[in-house]
Structures are given as structure tokens and as C-alpha cells.
Ligand code: 13P
Ligand code: MG
Ligand code: MG
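Numbering (my numbering), first residue to last: 741 to 1133.
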């Protein structure tokens, strides 16, 4: 059967600041998920939170961008918003940027990542005798938070030794989106390994270019889907950080989990963090972790599922970062974070002006920029010159 995995994620309110949604909100979303399974809309669901974002992972047979599935998620997020309002939580309804989306909810605020594939997990199926996948969710992060780790996991044999094996050595196609193009989804497809340098030239810019999806060149199967959009391009103003989610299929014709998560051991610096305006390391954490760290610290969770023949999840899940093996990386992230914070607002510690464009920082900077005045021809300071903003152009 053709099966779709959908991840739909939104920040619709959190306790004590932007830390985590309340249990009541999560319970309400879980109850809606149970109803959707009973009604036959969805096959299976899992609800968790990473920081202040509620993430619904579900399976169904309705394909990507399906109106009913997306409306179900929107309504569940609306219900959680109502609870957040009732209890006076912070940022109630923050990511629901439109009044009522008519069809799918992509571009309406929530993050969406979806993969559709033929699901026939039998021993004789040479492509996918078993389906296993990971769900990544990040909080306090810019849209390109996964650019480096997913590139390394799918294109660099230093991280993914499997790329030296026959079926994987044909490489992967990276569909990269230009998130500054607001006319629509503007995509370029580049192939690893031959376009390796071209891919890096784009992916180095986490704020403008993001991996939209990754496709196996051996099978044509989609290996990964990422929610790469810039929230402020949708809202026109800063409403919160993008906090991307991703589905990554693993094993067999795709990299193995350890190959995919190894690059996260870098705790690499990304844009995001406090007020979405800083540069801090990405810390791998267990699912359902609150944001309580020093200056936030961007978080990423990663849980794994297997799929039964009928499309329902394994009876449990595997929490990849909930393990002492990652304690060292968490300490590394803290150390890197403390080092970066020691330079406060200076230079690389904060995002550049262009990225602050839509936040309150822009207003502060622009107020001052408008007061600059050109020195007179003798080089004297124009003490009496009118502020630039007051001068006629
Ligand atoms: P969220 O997008 O997680 O709400 O974070 C926004 C922010 O500005 C953190 O300081
Ligand atoms: Mg928030
Ligand atoms: Mg968030």
C-alpha cells in the first residue's frame, strides 16, 4: 500500500515562559489523535514535545498535503491553544499564523514534513523488507539546523561508512530550497557525490538555504523530508523561531541510525536561541525535554519507529539521544555555549543584521541608523545636522 508518514508541529503555548507545553495541552492533542485513529483518518499517531513545540507524528494512506489530515492537526493545535489561553500560558496560539487555513496547513505556521512510499515489508522486498525511520524535532532553532548533520550523514563517508557499499555508493539527491523566495517553493536538485562542493556552497547558509528532501539515487525513494520554511517569511514579522522537524528513513538502502546521528556529536553552532537572534550550539536531548538551559541552548530530539505491515508503529519507540552516550555531547554543547555567551552581543555571538531584520532588534538598530549624519566637508562632526530620518530624501 502507499503509506504516508506526516509530522505536524506547532508551538501553541507553554508554561513559565517558552519552555514546554502543559500536560493538559498534550493530553488534548493525544485525545484528538485517538479519535482520528478510531474514525479511520489516521492509522497510528505519536505525540511528544521538544521544548515548547508539540509534535504529532502519524501514518495514513491519504498522501502528503492532505486536507483532512492537515485540518485534523490544525484543529488539535487550536484546542491546545484554547487550553493555553484558559490557563494563561505564554505564547498561546503563537504558530497559528492565519485564521483558518482552507486546505493543507503548510505555510500557515505549523512545521510540516511528509514522506510517501510503497509499504510492503516482506522478506522478498529487496528495497524495504522492513521500514524504520527517525523523527527529528528541534527547538530554538533556525530553519537550516539540519543542513550540516544531514549532509554529512547522507554524503560524507567520514560519517556514513555505508556510502562505500554498492547500493548506497550511487549517492543521494539533495533537493535544496531557497527560503528567501516567497513566490513559492524554489528548489534546486543537486547530486552527491558529484555536486558535493555545490551543495556545501548553498548549505553553508543555514538561514537562506535548507534541505527540503533527500532522495536515494539507487531506488528513487525519498529518504528524508524536512520542514524548511522561514517563519518570518510567512508572518512578515518575528513570531518565533522556525524549529524544524524532519523524517529520516534509515537502514537498508539508506544510512543506518548511528551514521545519521554521528554528526550531531559536533553540537554545531546554529542560528536561533534566545529571541531567535543568537548563535549557539545544538544540544541533542531526550524527547519531552523542556527548555530550561542557560540562554535557552537550541535543542534537538530524535526518536525511532518501525512500521508494522498495516502501517501502525512498533509498540514502542527508541529515544536515540536519551542515553549516557550523549552526555558527553551535552557537556560539550554547554561548554561551547558558555564560551559563545562570554562574548555576549559581539560579532559572531549574534545573528547578522539581515537575520535580525524582522525582530525587535531591527527597530532598535533602525532608530539609531536614522540618527546618523554625514560629516561636513571640513570633517567636523555635524552636531547641528538634522537626523537622517528627518531629512528629505
Ligand atoms: P520559540 O520559537 O521556541 O517560541 O522561541 C522563540 C524565541 O524567541 C526564544 O527566545
Ligand atoms: Mg515558543
Ligand atoms: Mg519553539
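Note that CB positions come from ideal geometry on N, CA and C, so glycine has one too.
Computed from a prediction, not measured in an experiment: that's the story for all the values here.
Bridge partner(s) assigned by DSSP for residue 1090: Residue 1090 is bridged to 1018.
Keeping to the same chain, check which residues put their C-beta closer than 6 Å to that of residue 1012; ignore five residues upstream and five downstream. So the list reads 880, 881, 882, 981 and 1038, once near-sequence residues are dropped.
Determine the extent of the beta strand (DSSP E) in which residue 742 is found, giving its start and end residues. Looking at the DSSP string, the run of the beta strand (DSSP E) that includes residue 742 is 742-750.
Which stretch, first to last residue, makes up the alpha helix (DSSP H) that contains residue 1104? 1100-1109 is the span of the alpha helix (DSSP H), which, as asked, contains residue 1104.
Skipping 5 residues on each side, what residues in its chain have a beta carbon closer than 6 Å to that of residue 813? Counting only Cβ-Cβ distances below 6 Å, and skipping sequence neighbours, we find 748 and 796.
With DSSP as the reference, identify every bridge partner of residue 951, one or two as the case may be. For residue 951, which the question treats as bridged, DSSP gives the partners 916.
If you draw a straight line from the C-alpha of residue 1132 to the C-alpha of residue 1095, how long is it? Low local confidence applies: a pLDDT of 37 at residue 1132 is under 50, so the model's placement there is unreliable, with the coordinate-based value given in what follows. Each residue's alpha carbon lies about 28 Å from the other.
Please report the Cβ distance between residue 919 and residue 969, rounded to the nearest whole angstrom; I am assuming they are in contact, meaning their Cβ atoms lie under 8 Å. With 8 Å as the limit, residue 919 and residue 969 qualify as a contact, their Cβ atoms being about 6 Å apart.
Which residues mark the beginning and the end of the alpha helix (DSSP H) in which residue 940 is found? Looking at the DSSP string, the run of the alpha helix (DSSP H) that includes residue 940 is 936-943.
Between the region 1046-1063 and the region 1019-1036, do three or more beta carbon pairs fall short of 8 Å? With the cut-off at 8 Å, the region 1046-1063 and the region 1019-1036 touch.
Cutting at 8 Å between CB atoms, please list the residues of its own chain near residue 1119, excluding the five before and the five after it. If we look at residue 1119 and ignore the five residues flanking it on each side, it has no Cβ neighbours.
Taking 6 Å as the cut-off, does the CB of residue 791 come closer than this to any heavy atom belonging to ligand 3? Yes, ligand 3 has a heavy atom inside 6 Å of this Cβ.
I'd like to know whether the C-beta atoms of residue 943 and residue 1009 end up nearer to each other than 7 Å. Residue 943 is not a Cβ neighbour of residue 1009, given a cutoff of 7 Å.
How far does the beta strand (DSSP E) with residue 789 in it extend, from its first residue to its last? Per DSSP, residue 789 belongs to the beta strand (DSSP E) from 784-790.
Would you check whether ligand 1 has a heavy atom nearer than 6 Å to the C-beta of residue 1084? No - ligand 1 has no heavy atom lying nearer than 6 Å to the Cβ of residue 1084.
What is the rounded straight-line gap between the Cα of residue 792 and the Cα of residue 979? Residue 792 and residue 979: Cα-Cα distance of roughly 14 Å.
Only counting the same chain, and skipping five residues up and downstream in sequence, which positions put a Cβ closer than 6 Å to that of residue 776? Excluding five sequence positions before and after residue 776, the CB atoms of its chain that fall closer than 6 Å to its own CB belong to 782 and 812, given in chain order.
Using CA coordinates, which residue listed in 974, 963 and 909 is at the minimum distance from residue 924? Nearest C-alpha to residue 924: 974.
Could you name the residues of the same chain whose beta carbon sits closer than 6 Å to that of residue 908, not counting the 5 residues immediately before and after it, in chain order? For residue 908, where only same-chain residues beyond five positions count, the Cβ hits under 6 Å are 902.
Strictly by DSSP, which residues pair up with residue 875? DSSP lists 987 and 1043 as partners of residue 875.
Output yes or no for whether 7 Å exceeds the beta carbon distance between residue 922 and residue 955. With respect to the 7 Å criterion, residue 922 and residue 955 are not classified as neighbours on the basis of their beta carbons.
Residue 900 (DSSP reduced to helix, strand or coil): The answer is coil: DSSP assigns residue 900 none of H, G, I, E or B.
Among 993, 1001 and 1055, the one whose alpha carbon lies nearest that of residue 868: The shortest CA-to-CA distance from residue 868 to any of 993, 1001 and 1055 is the one to 993.
Throw me the rounded Cβ distance for the residue 962 and residue 1019 pair, which I believe falls under 8 Å. In this structure residue 962 is not in contact with residue 1019, their Cβ atoms being roughly 31 Å apart against a cut-off of 8 Å.
Does the beta carbon of residue 831 fall short of 6 Å from some heavy atom of ligand 2? A distance criterion of 6 Å places the beta-carbon of residue 831 in contact range of ligand 2, judged by its closest non-hydrogen atom.
Looking at the unbroken alpha helix (DSSP H) that takes in residue 1036, where does it start and where does it end? Residue 1036 -> no alpha helix (DSSP H), and no H or E assigned at all.
At a threshold of 6 Å, does residue 983 count as lining ligand 3 (C-beta to nearest heavy atom)? Inclusion of residue 983 in the 6 Å shell around ligand 3 follows from its C-beta lying nearer than that to a non-hydrogen atom of the ligand.
Is any heavy atom in ligand 5 found nearer than 6 Å to the beta carbon of residue 767? Annotation note on ligand 5: not contained in the displayed structure, which lists ligand 1, ligand 2 and ligand 3 as its ligands.
Terminal residues of the beta strand (DSSP E) in which residue 930 lies: It spans 927-932 - the beta strand (DSSP E) in which residue 930 sits, taken as one unbroken run.
On the CB-based measure, 16 or more other CB atoms within 10 Å of its CB, does residue 941 come out buried or exposed? With fewer than 16 other Cβ atoms within 10 Å, it is exposed.
Please report how far the alpha carbon of residue 755 lies from the alpha carbon of residue 1032, in whole angstroms. Rounded to the nearest angstrom, the two C-alpha atoms are 11 Å apart.
Going by DSSP, what residues sit across from residue 856 in a beta bridge? Answer by DSSP bridge pairing, in chain order: 744.
Which of helix, strand or coil DSSP assigns to residue 964: Annotated three-state conformation of residue 964 is strand, per DSSP.
Rounded C-alpha distance that separates residue 839 from residue 832: The alpha-carbon atoms of residue 839 and residue 832 are separated by roughly 14 Å.
Return the residue from the list 778, 799, 808 and 763 that minimises the CA-CA distance to residue 789. With distances taken between Cα atoms, residue 789 lies closest to 763.
Any heavy atom of ligand 3 closer than 6 Å to the CB of residue 1013? Incorrect: residue 1013 has no Cβ contact closer than 6 Å to ligand 3.
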